[in-house]
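Encoded as structure tokens, the structure appears first; notes follow it.
There are 2 protein chains.
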Amino acid sequence: MTNSEAKEKLISIWGSLGSTWGISSTMARVHALLLVSDDPKSTEEIMEELSISRGNANMSVRSLIEWNLVKKLVKKGERKEYFVAEKDFHKIAVTIAKERRRREISPLIEALNEIKIDEHDCSPEAISLRKRIAEMQVFIKEGDNLLEKLIKLDESKLFPLLFKMLKR
Amino acid sequence: MTNSEAKEKLISIWGSLGSTWGISSTMARVHALLLVSDDPKSTEEIMEELSISRGNANMSVRSLIEWNLVKKLVKKGERKEYFVAEKDFHKIAVTIAKERRRREISPLIEALNEIKIDEHDCSPEAISLRKRIAEMQVFIKEGDNLLEKLIKLDESKLFPLLFKMLKR
DNA sequence: TATAACTTTCAGAAATTATTGAAAATTGTA
DNA sequence: TACAATTTTCAATAATTTCTGAAAGTTATA
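Following this line, the structure appears as structure tokens:
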């Protein structure tokens, strides 16, 4: 397998992975391209290498910047903007966890908290429903606390901790 | 908020959560309905309560069964099939982790392993590309091992472990 | 300020995914 | 076996998401 075949394959795998963490396939392919590129890439180059339109390239790169996975970079003496991806996978993992918590889990918790059940109905079904809903709220909150703490641990502690934990 | 309002709200929240773990919104709503129901529900009842078609109800319930989140149940003397959801959230979380590992991470690892780079090209770009791809393979594999071990720990050990870990 | 290089936007087109509903298949019972 | 109750399938349709490309907007420089 030549290098460029390997690169293409990787980009396609990463692309199909995108849906797993809630981004479009093109956005994930742009991410993969920047991930395996040493040099910053311009919008033109991204369009060219992935055969996508200008609009699509632009919007994908913007979203990746919003996800904190990619940074804009201005080269001295050039008008064009260039883009680089964070290359450290541990940092990438923490960033994704952080973003998903912010985008998905926090709104979920807020929505769950809006459910206020009035306690008048004392039929067995009502009691049971209230119990179920409360359990769900507690469980999600627990998971979120856990995730929050994991994210806040810095990398130098997090990964050794996880591995030590699993050695036993 | 009346009980049935609370129930509807919960179903709608759970439904919009579905996309987070890669299932359709209807499938997640069916799951939520079964989660908050004490009694097993028939296809008819699911159709009725969620206002969805027979085909949709059938296929959603099948998928939930494939995800190991719902079980089929036959009442003595009745032809109709009834469905119940696992109610223990810890078990639900482990099941989802297990299924997603099987459906998403394992195929990803296999695909990554198919990337075999030939080592002839010794240009700096080629060396760097190979390094990046190798790093990615290692990182994903590490994450997968961690997840595998977490899944295999049984619940009585897993959750105390996680919480103890974070007390420090 | 005018120009050219570049970026952003967004309406419509294309592609993908989800849903319906009726017909076909299956199954338990008599 | 015949029947009726029930489940499953699937082609057609609807809904949603993604993508394009051209036009509008922005900005650095001369």
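Taken in sequence, the protein lines are chains A and B.
Quick note: the first sequence uses my numbering, first residue 12, plus one each step.
Quick note: the second sequence uses my numbering, first residue 12, plus one each step.
Beta carbons: idealized from backbone N, C-alpha and C, even for Gly.
Between residue 114 (chain B) and residue 162 (chain B) a beta carbon distance of about 14 Å is seen, past the 8 Å cut, so the two are scored as non-contacting. As for any beta strand (DSSP E) of minimum length 3 sitting wholly inside the segment 87-161 of chain A, the runs are 92-96, ordered along the chain.
The residues 151, 152 and 155, in chain order, have a CB closer than 7 Å to that of residue 120 (chain B) in the same chain once the five nearest residues on each side in sequence are set aside. Within 10 angstroms of the beta-carbon of residue 124 (chain B) lie fewer than 16 other beta-carbons, which makes it exposed.
Contact annotation, residue 33 (chain A) with residue 30 (chain B): C-beta distance approximately 7 Å; criterion of less than 8 Å satisfied.
Against chain B, a Cβ distance below 7 Å from residue 49 (chain A) picks out 136 and 139. Cβ-Cβ separation between residue 52 (chain B) and residue 46 (chain B): approximately 11 Å, too far for a contact (criterion under 8 Å).
Of all C-beta pairs linking the segment 52-64 of chain A to the segment 93-111 of chain A, three or more are shorter than 8 Å, placing the two stretches in contact. The DSSP assignment places complete alpha helix (DSSP H) segments of no fewer than 4 residues inside the segment 22-52 of chain B at 36-47, in order along the chain. When CB distances to chain B are screened at a threshold of 9 Å, not a single residue of the segment 63-74 of chain A falls below it. Residue environment for residue 38 (chain B): buried (at least 16 other C-beta atoms within 10 angstroms of its C-beta). For the set B:100, B:26, B:42 and B:107, the Cα lying nearest the Cα of residue 158 (chain B) is the one of B:107.
With respect to the C-alpha of residue 14 (chain B), the residue from A:86, A:169, A:139 and A:176 having the closest C-alpha is A:139. Interface annotation, residue 100 (chain B): in contact with chain A, CB-CB separation under 7 Å. No Cβ of chain A is located within less than 7 Å of the beta carbon of residue 94 (chain B). In the structure shown, residue 84 (chain B) falls within a strand segment according to DSSP collapsed to helix, strand and coil. Taking a beta-carbon distance threshold of 7 Å, residue 115 (chain B) counts as an interface residue toward chain A. Contacts with chain B at 7 Å (Cβ-Cβ) include residue 143 (chain A). Using a CB distance cut-off of 7 Å, residue 127 (chain B) counts as an interface residue toward chain A. If you draw a 10 Å sphere on the C-beta of residue 144 (chain A), you find 16 or more other C-beta atoms in it, and that means buried. Taken atom to atom, the span from the alpha-carbon of residue 85 (chain A) to that of residue 70 (chain A) is near 18 Å. With a beta-carbon spacing of about 6 Å, residue 21 (chain B) and residue 43 (chain B) fall inside the 8 Å limit used to define contacts.
About 5 Å separates the beta carbons of residue 110 (chain A) and residue 78 (chain A), which is inside the 8 Å limit, making them a contact pair. By the CB criterion at 7 Å, residue 176 (chain B) and residue 176 (chain A) fall inside the cutoff. Within the segment 21-41 of chain B, the residues whose Cβ lies closer than 9 Å to any Cβ of chain A are, in chain order, 21, 23, 24, 25, 27, 28, 30, 31 and 33. Between residue 128 (chain B) and residue 12 (chain A), the CB-CB gap stays under 7 Å. Linking residue 116 (chain B) to residue 104 (chain A) through their CA atoms gives a straight-line distance of about 14 Å. Residue 126 (chain A) places its beta carbon less than 7 Å from that of residue 17 (chain B). Here DSSP, grouped into helix, strand and coil, assigns residue 14 (chain A) to helix.
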